[in-house]
Amino acid sequence: MSGIIKEIFIMYMILILHEIGHLIVIKKYKYKVTKIELLPFGAIIECNFANSSLKEEFLLYVSGITVNFLFFIILLCFKNFGLIFYFNLIMLVFNLIPISPLDGGRLLETLMSNSFKYKKALLISTCISSVCLVVFLTYMSIFFFNLNMLFIFSYLLMENYINIKTYKKKYNMFLLNKYLYPNNKLKNIKFEPKYKDLCSNLYKGKNNTILLGKKELNEEKILKIHFNSK
16 MSGIIKEIFI MYMILILHEI GHLIVIKKYK YKVTKIELLP FGAIIECNFA
66 NSSLKEEFLL YVSGITVNFL FFIILLCFKN FGLIFYFNLI MLVFNLIPIS
116 PLDGGRLLET LMSNSFKYKK ALLISTCISS VCLVVFLTYM SIFFFNLNML
166 FIFSYLLMEN YINIKTYKKK YNMFLLNKYL YPNNKLKNIK FEPKYKDLCS
216 NLYKGKNNTI LLGKKELNEE KILKIHFNSK
């Protein structure tokens with residue numbers, strides 16, 4: 016029993032270390048924490064960073080992984096290859112997997128948002144997350160299946176199912192946050208629309224201006240028209 020207690024203690028110590036990395040960035044950018052959900056294999060911190068820059072999002076999601084990586088280097092230097100090394104390595108590798116809602120999945124969405132309009136970026140990252148989950152689930156089921164893996168897979172499957180089902184709702188929340196929390200510090204970009212629905216052309220982490228011939232429509236006007244027509 017004492018061995019199990021020791022493992023649980025070390026696991027949650029690594030977990031807390033990981034979350035401290037996120038909390039440092041949250042404090043730096045003065046985000047408001049709205050929810051902290053503790054899970055047997057990790058934690059989820061939700062905060063209000065509506066319409067922030069992609070750089071801030073990237074730093075938020077990569078911060079926990081960075082702390083685990085630095086701790087990994089320290090343990091290597093001291094040649095500590097015990098349980099603490101093992102659990103830290105699992106936390107590091109696990110959160111690099113591009114599956115939502117893991118840090119890797121959130122980083123994937125942020126990176127896609129830097130290259131594609133957010134509606135497309137959201138669709139691509141959701142699809143990649145689902146495919147990676149199926150591949151990871153198949154591999155782990157064959158080689159490392161146990162009750163802990165079954166619990167983790169069940170949770171991740173549920174979260175990805177919810178992501179797919181609420182895809183449109185998530186995009187509408189993105190539009191609403193842009194409308195309610197304008198951010199003049201974001202980079203301004205101008206471009207011609209690809210989609211007839213102007214709201215489907217918007218980029219995340221940028222202030223969008225759509226060119227319609229000689230006419231320019233900024234995102235504030237586009238969103239005002241969109242929400243006033245509802």
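16 is the number of the first residue of the sequence shown in this note's numbering; add one for each residue after it. Ideal Cβ positions, reconstructed from N, Cα and C, are used throughout, including at glycine. In this text, all values refer to a predicted model and were calculated from it rather than measured experimentally.
Distances from the alpha-carbon of residue 22 to those of 102, 35 and 228 put 102 closest. Taking a cut-off of 8 Å for Cβ pairs, the region 67-83 and the region 130-144 do not touch, as fewer than three such pairs fall below it. Non-local beta-carbon contacts of residue 182 in its own chain, meaning distances under 8 Å to residues more than five positions away in sequence, involve 137, 138 and 141 in chain order. Boundaries of the alpha helix (DSSP H) harbouring residue 242: 234-243, taken from the DSSP string. Bounds of the alpha helix (DSSP H) holding residue 167 are 162-180. Within the same chain, and ignoring the five residues on either side of residue 71 in sequence, the residues whose Cβ sits closer than 7 Å to its Cβ are 44 and 64.
In this structure, DSSP gives residue 110 a state outside helix and strand, which the three-state scheme calls coil. In its chain, beyond the 5 residues on either side, 216 have a beta carbon closer than 7 Å to the beta carbon of residue 210. Membership of residue 129 in the alpha helix (DSSP H) is indicated by the continuous run 118-130.
For residue 206, the closest C-alpha among the options 227, 212, 187 and 214 is that of 227. Shown here, residue 63 sits in a strand according to DSSP, grouped into three states.
In the three-state reduction of the DSSP assignment, residue 187 falls in the helix class, which pools H, G and I. If you draw a 10 Å sphere on the C-beta of residue 221, you find 16 or more other C-beta atoms in it, and that means buried.
The Cβ atoms of residue 107 and residue 84 sit closer than 9 Å to each other. Here DSSP, grouped into helix, strand and coil, assigns residue 201 to coil. Between residue 66 and residue 192, the C-beta gap is smaller than 9 Å, which places the two residues in contact. When the alpha-carbon of residue 120 is set against those of 105, 130 and 143, the nearest one is in 143. Counting only residues of its own chain and dropping the five nearest sequence neighbours on each side, residue 208 has a CB closer than 6 Å to the CB of 216 and 225.
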